[in-house]
Every structure is written in C-alpha cells, then in structure tokens.
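Quick notes on the structure that follows.
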Amino acid sequence: MKTSYISLSVLMILVVVAPALAQGAPPATPIDGGLTALLAAGGLYGIKKIRDLRK
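Okay, so the sequence shown: first residue is -19 according to the numbering used here, each after it adds one.
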C-alpha cells in the first residue's frame, strides 16, 4: 500500500512539473503589414480598372 502511494505521488509530481518545464509557444507571425499592403494594392488596381472602363 505504501508503494502505491509513493508511485502515485511520483506520477503526480511528474504530471504537474512537466508542463512547467516545457517551452512556451513561439510568437505569432505578424500579418498586418503585408495584409495592409495587399489590400491597398488591390484597391488601387480596382480604381484603375474602373477609371479605364469609364474612358
């Protein structure tokens, strides 16, 4: 009975300590700059196409 308590204690310590020692998640990739540039380019291209159709 004593060995089962010791085994259970060791298992619980390993389960609790393992996430604390793990590495954190990598930082997220910023997409704001590229996405804004693509939206601006698409908007300008759309305006050019509309102007060309009106000529």
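Glycine included, each C-beta is placed from N, C-alpha and C at the ideal position.
Nothing here was measured: the structure is a model prediction, and the numbers come from that model.
- In this chain, the alpha helix (DSSP H) harbouring K28 covers D12 to R34.
- Between the alpha carbons of T(-17) and V(-10) lies a distance of about 10 Å.
- Across the structure, V(-5) and I27 are spaced so that their CA atoms are roughly 59 Å apart.
- Residue range K(-18) to L1 is occupied by the alpha helix (DSSP H) that includes T(-17).
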